[in-house]
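Take 1 as the starting number for the sequence shown in UniProt numbering and just add one per residue.
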Amino acid sequence: MFRLKAKRLTKIIGTLDEDALMYEENIISEMIESGMDIARIELLHHNYKAYSTLIERLYKVASSMNAIIAILLEIPANNRTVFVPSDYTVEKDRELTIAVGKRSNQEFKENEDEDDKMFISINVLGSEVNEGQTIIFGDEVSGEIISVNPEEIRVLIKNDGIIYNRSRVYINGSCKYAVNFSEIQQKHLDFIATTNVDFITFVFSKEHFSDELAFIQEKLVGKEIKLLCKIEKQLENEYLYEFIEKTNGIVIARYPMGSEMPIERICTYQKEVIAACRQRAKPVLVSGHVLGSLRSLPYPLRADACDVYNGVIDGIDGFILSSEILQEDNWRNTLEMLTNILATAESSIEYRSSFQKIWIASMKPSIAESIASSAIKTCIELEANYILCLAEHGRAPRLLSKYKPPVPIITISSLIKTVQQSLIHRGTVPILGEKLDYKQALTNAVEMIRSNTDHNCIVVVVTELMDSAKHFNEQMGVLTIEQ
């Protein structure tokens, strides 16, 4: 029940790479207790055995501590990754040679004495790369491509910064490396079909969205895996709305957006996507330089802190942290800093006016959403301590989260996938319970809340239970729990 006592409602998604396999189990459990709600794993190579081991280990550790964690696998849109012997510090106006294909350390050493250029390598280039295009390394360094040949490209660096080993490379105009699915992406999907993860993310092409969606659904038939659409460049509203409607959520990827659209439009477009997701009760996550300054500093830059703060005010469900700032010697500081910023931002929200804005902008509600909005209104008016949601399936917590309540949404279900996947929604505190009738489930929930508080509580209760005819029955009520 550590999440019930947490200071923040917004979710934290931590990216783990293969180095996490070396972590002791107590380190992973501490990361979960310190705030990591969802573990994100990028499928950057074909070492599926390592991925499987990491997935099993995460679920095992969470189970051993009687906690819930969700796992998100990301299928990269392109497979360009930087390989360097160590992180490179580069300076503005310096030329950089990028060799295609992973090089050995000896090859790097043979070229390290050349004064006019530095050598790195990426694993794949692609035929769409041309002179004059902008290239971005991770989230710090950008440059202009000045020459291209089949074995290497030359880049003129545009700003000072650090190129980190295994950081992603983006080239403007080529976010999506292949139309439909490359062979590598199909192998990733085949692997995902053998797992029991909770979410996957994929970058869809607007021209082939329906075909790509059908292909993924066919590959994952029979699996309870939710699909998130990753947006790497600006889309026309008709495509954006279709992506939101037909997938289970959105990930705003700000790294590639820097090369795909005017920089001054990124913040505005992020707000537009958040508003569109909120209107449709779909979760929205943000990745790309979330507290990125913690790579080299003990405290985040003010700009990074303000970026997170403003994202909370806008209504983001969760922030994705990169693996570089979640290394074994840094993750505690990162999670603590992010938690404090999230809690401070949430405490500054005027929840009554926030609710009214969301409610007014909403479409005509269904019965379930009408009950959810009424529950949040009641919660705010009565200054309730908790919202208790008894839901076998995940619709009710999703609709409750849409209205951004000021208190935790305690979500109890007997289905492991329901509680794991509800972690993506802001404010949810999932608990795996037994399959019981309504009265017994409510009695157990009340006792659980009483045992975790030391004062009288007002609890708004929302139930979404299926009857014998497989119809959902939604109800709302208010309880006072006395000590």
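No residue lacks a Cβ here, since even glycine has one placed at the ideal position from N, Cα and C.
- The alpha-carbon of Ile252 is positioned some 32 Å away from that of Val460.
- Looking at the DSSP output, Ala39 bridges to Gly14 and Ile71.
- Contact annotation: the segment 431 to 446 does not touch the segment 33 to 47, with fewer than three C-beta pairs closer than 8 Å.
- Proximity of the segment 232 to 240 to the segment 307 to 323 falls short of the contact definition, fewer than three beta-carbon pairs being nearer than 8 Å.
- Going by DSSP, Ala391 is part of the beta strand (DSSP E) stretching over Tyr386 to Ala391.
- Boundaries of the alpha helix (DSSP H) around Arg450: Tyr438 to Ser451.
- Taking C-beta separations shorter than 7 Å and ignoring five residues to either side along the sequence, the partners of Ile341 in its chain run Ala305, Val308 and Tyr309, following chain order.
- With a 10 Å radius around the Cβ and a threshold of 16 neighbouring Cβ atoms, Asp317 comes out buried.
- The continuous alpha helix (DSSP H) containing Lys402 extends over residues Arg395 to Lys402.
- Judged by DSSP secondary structure, Ile416 falls within the alpha helix (DSSP H) whose first and last residues are Ile416 to Gln421.
- Look at Ser413 here: in three-state DSSP terms it is strand.
- Secondary structure at Val61: helix, using DSSP grouped into helix, strand and coil.
- Ile387 places its beta carbon less than 9 Å from that of Cys379.
- For Ile313, same chain residues with a beta-carbon under 7 Å away, outside a window of 5 residues either side, are Ala345 and Ile349 in chain order.
- In the DSSP secondary-structure assignment, Thr89 is bridged to Ile162.
- For Ile358, the three-state secondary structure derived from DSSP is helix.
- About 5 Å separates the beta carbon of Ile153 from that of Ile98, a gap short enough to meet the 8 Å contact definition.
- Counted as a single uninterrupted DSSP element, the beta strand (DSSP E) harbouring Tyr170 occupies residues Val169 to Ile171.
- Counting along the chain, Glu328 sits inside no alpha helix (DSSP H), nor does DSSP assign it H or E at all.
- C-alpha of Ile360 to C-alpha of Ala281: approximately 14 Å in a straight line.
- Annotation: Asn66 to His45 spans about 32 Å, alpha carbon to alpha carbon.
- Beyond the five residues adjoining it in sequence on each side, Phe355 comes within less than 7 Å, by CB distance, of Ile376, Lys377, Ile380 and Tyr403 in the same chain, given in chain order.
- Annotation for Gln234: Met257, Glu260, Met261, Arg265 and Tyr269 place their beta carbon closer than 8 Å to its own, counting only its chain and skipping 5 residues before and after.
- Look at the beta carbons and you see the segment 406 to 421 not touching the segment 211 to 220: under three pairs across the two are nearer than 8 Å.
- Nearest neighbour of Asn330 by Cα position, chosen from Ile358, Gly315, Lys357 and Gly292, turns out to be Gly292.
- Of the candidates Thr418, Glu131, Thr463 and Ile27, the residue whose Cα lies closest to the Cα of Asp437 is Thr463.
- In terms of CA proximity to Leu382, Cys457 leads the group Glu95, Ser451, Cys457 and Ile27.
- Our two residues, Asn47 and Glu328, have alpha carbons roughly 21 Å apart in a direct line.
- Beta-bridge pairing by DSSP links Cys457 to Ile481.
- Per the coordinates, the alpha-carbon of Thr10 lies some 14 Å from the alpha-carbon of Ser287.
- Beta-carbon to beta-carbon, Ile135 and Val148 are separated by about 11 Å, too far to satisfy the 8 Å threshold.
- Counting along the chain, Gly315 sits inside no alpha helix (DSSP H), nor does DSSP assign it H or E at all.
- At least 9 Å separates the beta-carbon of Ile184 from that of Ile145.
- Here Gly249 carries a coil assignment [DSSP, helix/strand/coil].
- Met36 sits away from Val429, with the two beta carbons spaced by 9 Å or more.
- With 16 or more neighbouring CB atoms inside 10 Å of its own CB, Pro283 falls in the buried class.
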